[in-house]
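Data first, discussion second: the structure below is written as structure tokens.
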Amino acid sequence: MTLPARTVIAALTWGSITAAATLVLVPSRGDTDQVHVVIVYLLCVLGGSVSGGRALGFTLAGLGFVLIDYFFQPPFDTLSVGKPLDWIALLAFGATAAVTTQLLTRARMEADEAGRRTEELASLAQLGAETLNAGRAEDALAAIAEIIRSTIGVAECEIYRWAGDRIAEATVLRTRETAGRLPGWPNPDLIARVAAYPTPPTALGTENDGLVMVHPDQARTTILIPLRGQRRSVGVVRISDRSRIDIDRGRRRFLGVLAYYTALAVERVELAAEAEHAEALREADRMRDILIASLSHDLRTPLTAIKAAAQEGVARGEISAAIIEEQADSLTRLVGDLLDWTRIKSGAFPLAIELNTADDLIGAVSRRFLGHAGKSIVARIDLERPALVGHFDFVQSLRILSNLVENAARYAPEGTAVDLSVRLDGTALVFSVADCGPGIPPEERRRIFEPFYRPIGAEPDASRAGLGLSIARRLAEIQGGDLEFAPRPGGGSVFRLRLPAAEVDPSFTESL
Amino acid sequence: MTLGFSGDEPLFYLGTMADPASSHPVHPGSTGPLARTILVVDDEPQIRRAVRNALAGVAERISEAATGADGLDRAAAEQPDLVVLDLGLPDIPGMTVCQEIRRWAAMPIVVLSARHSDQEKVDLLNAGADDYVTKPFSTLELAARVRAQLRRAQHQVAPAPALLPLPGGLVVDFPRRTIARDGTPIRLTPLEWDIFHALLRQAGRTLTHQQIFAEVWRRPYGSPQQYLRVHITNLRRKIEINPAEPQLIVTDPGVGYRFELPR
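First to last, the sequence lines map onto chains X and C. The numbering used here numbers the first residue of the first sequence as 60 and each following residue consecutively. The numbering used here numbers the first residue of the second sequence as 64 and each following residue consecutively.
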């Protein structure tokens, strides 16, 4: 075991002073009162204890005891004691030296301890302040790492944020010897193990306190401390130094408190990041809503004026006015489709999922196509059974079915009907729209739900962006349903919209 | 306040059955059907022009305002028979104008909006608007909606007969709270009757889900409000000739339900 440098220096100094005092006093020992000699040696013992600690104090006391006996008590230069009274002097010296050494050492230790406490308190205060004041959360972590490093007096301090399965972020602070990195560090396995250590940080300083000491070789000490926040394990602090790191009970407790504060700071980093993210999302939503609202207004207002002017022209019998009105309507639909496609794609499509009945939806679809030129829509519901209910957005589901019926009616030959029906299939309501049209060739069936799809060989149609079916399918999916195509036996197409079914509370009928 | 909810006495109008088209009942506050005034509040001159032309055959006098403040002044000073109100006004939100007018007047308000949001429509109807037309609108449709609202308002004060015939051979017996088709009684649950009655009293006007709840669920009832749509469905299955193509109780998608006025 090696002694601290301070102790060695104190021992040499006070050993020399004791030797010098002996050399000075010995020539005049015949004329000197024994009391004065004792006082001089006592002073040496006191000096030694103050600067070198208890061990040096007792060593000097023993040395003084022997020196007094040997040089200053007759018979001189022997260890024998001549008079019994000299024994009393020697014992008095020994007792005084021992007691004062003991008292001084204790006082000094208490002073040291108090100094350390002050230092720790100052560190904690600073840590709290840094945590709260740092502009960015990452700066707070760097500041905390620096406080831990300087307070414990180690070369390196690293803080790893643990995201449950990986290191989310590392803050590394080093004073020197960057070349002396641990091989294979940072080690995610070890960090995961420490982060999962079951002991809460408040129990640090107890026997099983979660402080993990790693000694990869004799030249370096590494300590890993788990960081436990309010909710979960948030990371690991690693401190490391080339020399020994002294960890007594007080230090352990202090490290525990530091770790707790650090965990709070790491949690703050995460909360701040979440809040920033949420704020950014809100802002983006707001901007998009404003943009969409102003686009709608800016585009629809002139369209209204164009349409109105065209209708006046139609009333006067102008043929071109009818075309203008038709094109204005197409443009309106196109603008609506594009805006909706943008909103669905960006995930900003508001849904109102509520308890709805299949009857209501079918009724709304058939009402929308009431008196639709040429084609008939045959809507059927099973009146023998209780009404089917589901959880879906009525308006968007109506839109999907209207789109399907409109498509079907466009391609269905004159004199045929578009069939609209619904049935329950397990936990889904299945709405079917069936036509007797030409159907869809097998090679195109996969593509019809893609955005901007146009049937091969179809005439270019400026009024249709080719978004109808892709919007319809997305609308079905975001409601927890789906939309499929199937060829109709005997020719034609069937589109099936599945939406989540619901059960009516049995007490519903009793309450009627 | 809500139009027509003036008390327990059933007050409503049902088109040609309650009133032959040839008669010209007098609307209180107006000088008669020959001097009807419609106020158009819109900041866009082209839209005002379009509305003016569309309504030329509906009202004898069209008054115009380009701002919400001017619109409120004119509504108070001229007591028009109906207000056509644009939502995107430069000075005051159209919703506020609507609420302000509703504080002191009961004339129909038809709103024009470029925003196609159901929530906006619900909010407007709850705020007291009577109908809602989205831009770009067809002038014919606007004229038809305005006509319907004028008819409805004029007959608001006509007392209901005890027996009311409806299309499809239905007869409503108000004192007995029953309906019959071709002489055969139709059994309605008390709740279905309440919903039916609330819609019928305001026939021609869409009632939002919220307004129907307020009207029907005044007393605590065993059935939760979310079942309104199920009740309506069951009611339709009893009174509609073909529930897959409802003619009497019509869904206004995302907004509410309307008892359809026979045209």
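Ideal placement from N, C-alpha and C gives every residue a C-beta, glycine not left out. From a predicted model like this one, the values you see are computed outputs, not experimental measurements.
Express the C-alpha separation of X:E377 and C:Q182 in angstroms, rounding to a whole number.
Position 119 of the second sequence, counted from the first residue, corresponds to residue 182 of chain C. Position 318 of the first sequence, counted from the first residue, corresponds to residue 377 of chain X. Using only the alpha carbons, I get a separation of about 38 Å.
Going by beta carbon distance, what residues of the same chain come within less than 8 Å of X:V140, once the five residues before and after it are set aside?
Within the first sequence, numbered from 1, the residue matching residue 140 of chain X stands at position 81. Contacts found: D128, Q132, W146, L149.
Once DSSP output is grouped into helix, strand and coil, what is the label at C:T241?
Within the second sequence, residue 241 of chain C is the residue found at index 178, counting from 1. Here C:T241 sits in strand by DSSP.
Do X:V454 and C:P316 have their CB atoms nearer than 8 Å?
Sequence index remark: in the first sequence, residue 454 of chain X carries index 395 (1-based). Sequence index remark: in the second sequence, residue 316 of chain C carries index 253 (1-based). Going by C-beta atoms, X:V454 is nearer than 8 Å to C:P316.
Within 8 Å, do at least three Cβ pairs link the stretch 503 to 512 of chain X to the stretch 453 to 471 of chain X?
In short, these stretches do not touch, since the Cβ pair count stays below three.
Given a cut-off of 8 Å on the beta-carbon distance, is the pair X:V104 and X:A79 in contact?
In the first sequence, residue 104 of chain X corresponds to position 45, counting from 1. In the first sequence, residue 79 of chain X corresponds to position 20, counting from 1. At the C-beta level, X:V104 and X:A79 stay beyond 8 Å of one another.
Which chain X residues are close to C:P199, counting only those with a beta carbon under 7 Å from its beta carbon?
Taking the first residue of the second sequence as position 1, residue 199 of chain C is located at position 136. Simply R359, L362, T363, K366, A387, T391.
With a cut-off of 8 Å, does the C-beta of X:H356 fall near any C-beta of chain C?
As a position in the first sequence, residue 356 of chain X is number 297, starting the count at 1. Closer than 8 Å: yes.
Using three-state DSSP, classify X:N466 as helix, strand or coil.
Walking along the first sequence from the start, residue 466 of chain X turns up at place 407. Here X:N466 sits in helix by DSSP.
Can the beta-carbon of C:I164 be found closer than 8 Å to that of C:D193?
Position 101 of the second sequence, counting from 1, holds the residue named residue 164 of chain C. Position 130 of the second sequence, counting from 1, holds the residue named residue 193 of chain C. For C:I164 and C:D193, no; Cβs fall outside 8 Å.
If you drop the 5 nearest sequence neighbours on each side, which residues of the same chain put their C-beta closer than 8 Å to that of C:E107?
Position 44 of the second sequence, counted from the start, is the residue given in the question as residue 107 of chain C. Residues D149 of the same chain have their beta carbon placed closer than 8 Å to that of C:E107, with the five preceding and five following residues left out of the count.
Assuming X:T416 contacts X:L442 under a Cβ cut-off of 8 Å, what Cβ separation, rounded to an integer in Å, is found between them?
Taking the first sequence and counting its residues from 1, the one referred to as residue 416 of chain X is at position 357. Taking the first sequence and counting its residues from 1, the one referred to as residue 442 of chain X is at position 383. Contact flag wrong, Cβ pair sits at about 13 Å.
Between X:S435 and the rest of its own chain, which residues show a CB-CB distance below 6 Å, the 5 nearest in sequence each way excluded?
Counting from one through the first sequence, the residue named residue 435 of chain X turns up at place 376. A476.
Between C:A266 and chain X, is any beta-carbon pair separated by less than 8 Å?
As a working mapping, residue 266 of chain C is identified with position 203 in the second sequence. Closer than 8 Å: no.
Got a sec, what are the start and stop residues for the beta strand (DSSP E) C:C161 sits in?
Stepping through the second sequence from its first residue, residue 161 of chain C is reached at position 98. Premise fails: C:C161 lies in the alpha helix (DSSP H), 157 to 167, not in any beta strand (DSSP E).
Would you say X:N462 faces chain C, with C-beta separation under 8 Å as the test?
As a working note, residue 462 of chain X is residue 403 in the first sequence. No, because no Cβ of chain C sits closer than 8 Å to the Cβ of X:N462.
Who are C:N297's beta bridge partners in DSSP?
Here the question's residue 297 of chain C lines up with position 234 in the second sequence. Its beta-bridge partners do not exist; DSSP assigns none.
Can you find the residues in the same chain that come closer than 6 Å, C-beta to C-beta, to X:G153, ignoring five residues on each side of it along the sequence?
As a first step, residue 153 of chain X must be located in the first sequence, where it is residue number 94. Excluding positions up to five away in sequence, the list reads F124.
State the DSSP-derived secondary structure class of X:F428, mapped to helix, strand or coil.
Along the first sequence, one-based indexing puts residue 428 of chain X at 369. In this structure, X:F428 counts as coil in the three-state DSSP scheme.
Any idea what DSSP makes of C:G92, helix, strand or coil?
Start at 1 with the first residue of the second sequence, and residue 92 of chain C comes out as number 29. With a pLDDT of 44 at C:G92, under the threshold of 50, the predicted position of this residue should be treated as unreliable, and no value is reported.
Can you list, in chain order, the residues of its chain with a C-beta nearer than 7 Å to that of X:E384? Leave out the 5 residues immediately preceding and following it.
Walking along the first sequence from the start, residue 384 of chain X turns up at place 325. Excluding sequence neighbours, X:E384 sits near K366, A369, Q370, V373.
For X:G264, which of helix, strand or coil comes out of DSSP?
To locate residue 264 of chain X, count along the first sequence from 1; it is residue 205. For X:G264, the predicted structure reports a pLDDT of 41, less than 50, and the residue's modelled location is therefore unreliable. A value from the coordinates is still provided. Three-state result, X:G264: coil.
What span of residues does the alpha helix (DSSP H) with X:D399 cover, start to end?
Here residue 399 of chain X refers to the residue found at position 340 when the first sequence is read from its first residue. Per DSSP, X:D399 belongs to the alpha helix (DSSP H) from 378 to 404.
Count the other CB atoms within 10 Å of the CB of X:S302; is the residue buried (16 or more) or exposed (fewer)?
Here residue 302 of chain X refers to the residue found at position 243 when the first sequence is read from its first residue. X:S302 should be labelled exposed.
Please classify C:T247 as buried or exposed, where buried requires at least 16 other C-beta atoms within 10 Å of its C-beta.
Counting from 1 along the second sequence, the entry for residue 247 of chain C is found at position 184. Classification for C:T247: exposed.
May I ask which residues mark the beginning and end of the beta strand (DSSP E) holding X:S139?
Taking the first residue of the first sequence as position 1, residue 139 of chain X is located at position 80. Counting along the chain, X:S139 falls outside any beta strand (DSSP E), and DSSP gives it neither H nor E.
Assign X:F511 to one of three DSSP states: helix, strand, or coil.
In the first sequence, residue 511 of chain X corresponds to position 452, counting from 1. Coil.
What does the Cβ neighbour count give for X:S552, buried or exposed, with the cut at 16 atoms within 10 Å?
Locating residue 552 of chain X in the first sequence gives position 493, where the first residue counts as 1. X:S552 should be labelled buried.
Rounded to a whole number of angstroms, what is the C-alpha to C-alpha distance between X:A69 and X:S75?
Taking the first sequence and counting its residues from 1, one reaches residue 69 of chain X at position 10. Taking the first sequence and counting its residues from 1, one reaches residue 75 of chain X at position 16. Distance between the alpha carbons of X:A69 and X:S75: 10 Å.
By the three-class DSSP mapping on this structure, what secondary structure does C:P248 have?
As a position in the second sequence, residue 248 of chain C is number 185, starting the count at 1. Looking at C:P248 - three-state DSSP - the assignment turns out to be strand.
Is the stretch 149 to 159 of chain C in contact with the stretch 129 to 141 of chain C, if contact means three or more CB pairs nearer than 8 Å?
Touching, yes.
Mind listing the chain X neighbours of C:I110? Cutoff is C-beta to C-beta under 8 Å, in chain order.
The residue given as residue 110 of chain C occupies position 47 in the second sequence. Under the 8 Å cutoff, chain X gives T360, T363, A364, A367.
Among X:V109, X:L340, X:Y319, X:R532, which residue has its Cα nearest to the Cα of X:R505?
Here the question's residue 505 of chain X lines up with position 446 in the first sequence. The shortest Cα separation from X:R505 among X:V109, X:L340, X:Y319, X:R532 belongs to X:R532.
Which chain C residues sit within Cβ distance under 8 Å of X:F396?
For the purposes of this step, residue 396 of chain X is taken as the residue at position 337 of the first sequence. The residue asked about is misnamed: residue 396 of chain X is Asp in this sequence, not Phe. Here the premise fails: no neighbours, minimum Cβ distance about 12 Å.
Who pairs with C:G120 in a beta bridge, going by DSSP?
Residue numbering aside, residue 120 of chain C sits at position 57 when the second sequence is read from its first letter. According to DSSP, C:G120 bridges with nothing at all.
Starting from X:F554, follow the beta strand (DSSP E) in both directions and report where the run begins and ends.
Along the first sequence, read from residue 1 onward, the residue named residue 554 of chain X stands at position 495. First-last of the beta strand (DSSP E) with X:F554: 552 to 561.
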